[in-house]
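Chemist: Heads up: the sequence lines are chains A and B, in that order.
Numbering follows the numbering used here, with no gaps: position 61 of the first sequence is 61.
Every number in the numbering used here is 1000 more than the matching position in the second sequence, counting from 1.
Take a look at this one; I'll ask things after.
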Amino acid sequence: MLGSLEDAKVLAGGQSLVPLLNFRLARPAHLVDINRISSLDRIYEHDGGVAVQALARQADVEDSELVASVCPLLVLAVRLVAHRVIRNRGTVCGSLAHADPASELPAVLLALNGHVAVRSTRGARMIPAADFFKSVMETALTPDELLIEAWFPASTGKYAIAEESRRHGDFALAGGVRHGDRLALFGVAPTPVLADPKDPTRGLEPSGDLEATPEFRLHLVQVLCDRLFAA
Amino acid sequence: MRVNGTDHPAPADPRRLLSDHLRHDLGLTGTHVGCEHGVCGCCTVLFDGAPVRSCLMLAVQAEGHEVTTIEGLAAPGAPLHPVQQAFHECHGLQCGFCTPGFVMSVVGLLGQHPNPTPEQVDEGISGNLCRCTGYASIRRAVHRAAELSNK
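So this is what it looks like as structure tokens:
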């Protein structure tokens, strides 16, 4: 259907898309609801990491013993996504496809060097995190492709996530994810970005808004990085 | 879709939000609509037993599923649901606008954590906004609801 419909959006959990529809900020001609596709909600061990399919809810990932043992970083990150009632419906893959620059999960995928598997009637392909996020809410997905699953490598060694938001569950003003020596930042650029833990603000030009000035965001990046790499 | 134990056809208009369908088509106005973008929590209902925002779902998505609204917790004249009783006893409400959403979130919270810690209570109600009580009495109500439910 995605391949044949003009201007269609995929509806999974709807916790980002439906607010945009309610505000008339997005006006797609068609919605393709994937919620009735059976067997697309699995969370399973794959290639030493965890694969999370398109309809696996964030709450399922949060409660998954498998994710807790293989990729505990993902559990920590999911707990920072909105609130439990939102996570009951919201999906991990949906957060990735939505690609909000202030959201946690894209940065986690990038810090872990994971990838997404996408499919269309033309075939399947795998897109590494570093190539997937293109700009603000823009990804490498073509209009006819569906994000089938995301693969998160095991979080081994030292890992942590830290963010600053006005209230718990709000979008982060700035945040960072550490996996070993890798640092991925979110909320400070059009996409999640990798940064040098020794000089995390280099090259960053975060935007300013009512919540935070660019200078304040840079300050937060430094403080959060210090915290992430203190242990 | 099954709403509070009764089967209803899904609405003809696929663009209808579940919250609007409950209120305008089924007359279940206990589900309140505050922000319509998932922040305030007033429209929280149970979807197959788990709390969700009814303003962030299309009504047609509920076809084949079970929805419980605040009206479905206790029949008119019957004793209050333990969570309702606890909010009543502990003054967990003032104007009442946010209350249906809080109650449904707390029903979900106690399903997940029958004896929640103070941290789990705070986390469990953090997705609902109340502008009158200051939350202290709501927190007390959640602990009281756990007591009543476990009796």
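The beta carbon of each residue, even a glycine, is placed where N, CA and C say it ideally should be.
On a predicted model such as this, the values are computed, not experimentally measured, just so you know.
(1) DSSP three-state label for A/I37, please.
(2) Which residue from A/R57, A/Q58 and A/I43 puts its Cα closest to that of A/A51?
(3) Here's the rule I'm using: 16 or more other beta-carbon atoms within 10 Å means buried, otherwise exposed. How should A/F23 be labelled?
(4) Considering just the uninterrupted stretch of the beta strand (DSSP E) at B/E1066, what are its terminal residues?
(5) For B/C1132, count neighbouring C-beta atoms within 10 Å of its own C-beta (all shown protein chains included) and say buried if the count is 16 or more, exposed if not.
(6) Within the 9 Å Cβ cut-off, does B/E1066 reach chain A?
(7) What residues in its chain sit with their C-beta under 7 Å from that of B/A1146, if we drop five residues either side in the sequence?
(8) Can you list, in chain order, the residues of its chain whose CB lies under 8 Å from that of B/R980, leaving out five sequence neighbours each side?
(9) What residues of chain E sit near A/H168, judged by a beta carbon separation below 7 Å?
(10) As a quick exercise: from A/E205, A/L112 and A/A8, pick the residue whose alpha carbon is nearest that of A/S155.
(11) Across which residues does DSSP place A/Q53 in a beta bridge pair?
(12) By alpha-carbon positions, which one of A/V118, A/D181 and A/E45 ends up nearest to A/T139?
(13) Output the distance between the C-alpha atoms of B/S1137 and A/R89, rounded to the nearest integer angstrom.
(14) Quick one: grab the DSSP three-state call for A/A172.
(15) With contact counted as at least three CB pairs below 8 Å, one residue from each stretch, are the segment 62-70 of chain A and the segment 101-110 of chain A in contact?
(16) Count the other CB atoms within 10 Å of the CB of A/I37; is the residue buried (16 or more) or exposed (fewer)?
(17) Please return the same chain residues whose Cβ sits closer than 6 Å to the Cβ of A/S103, not counting the five positions on each side in sequence.
(18) Less than 8 Å between C-beta atoms, sequence neighbours within five positions excluded: which residues of the same chain meet that for A/D181?
Modeler: Straight from the coordinates:
(1) coil
(2) A/I43
(3) exposed
(4) E1066 to T1068
(5) exposed
(6) no
(7) L1110, P1114, N1115 and P1116
(8) No answer is possible for residue 980 of chain B: it lies beyond the span of chain B, which begins at 1001 and ends at 1151.
(9) Although the question refers to chain E, the structure presented lacks it and instead comprises the protein chains A and B.
(10) A/L112
(11) A/E149
(12) A/V118
(13) 28 Å
(14) coil
(15) no
(16) exposed
(17) S95
(18) P197
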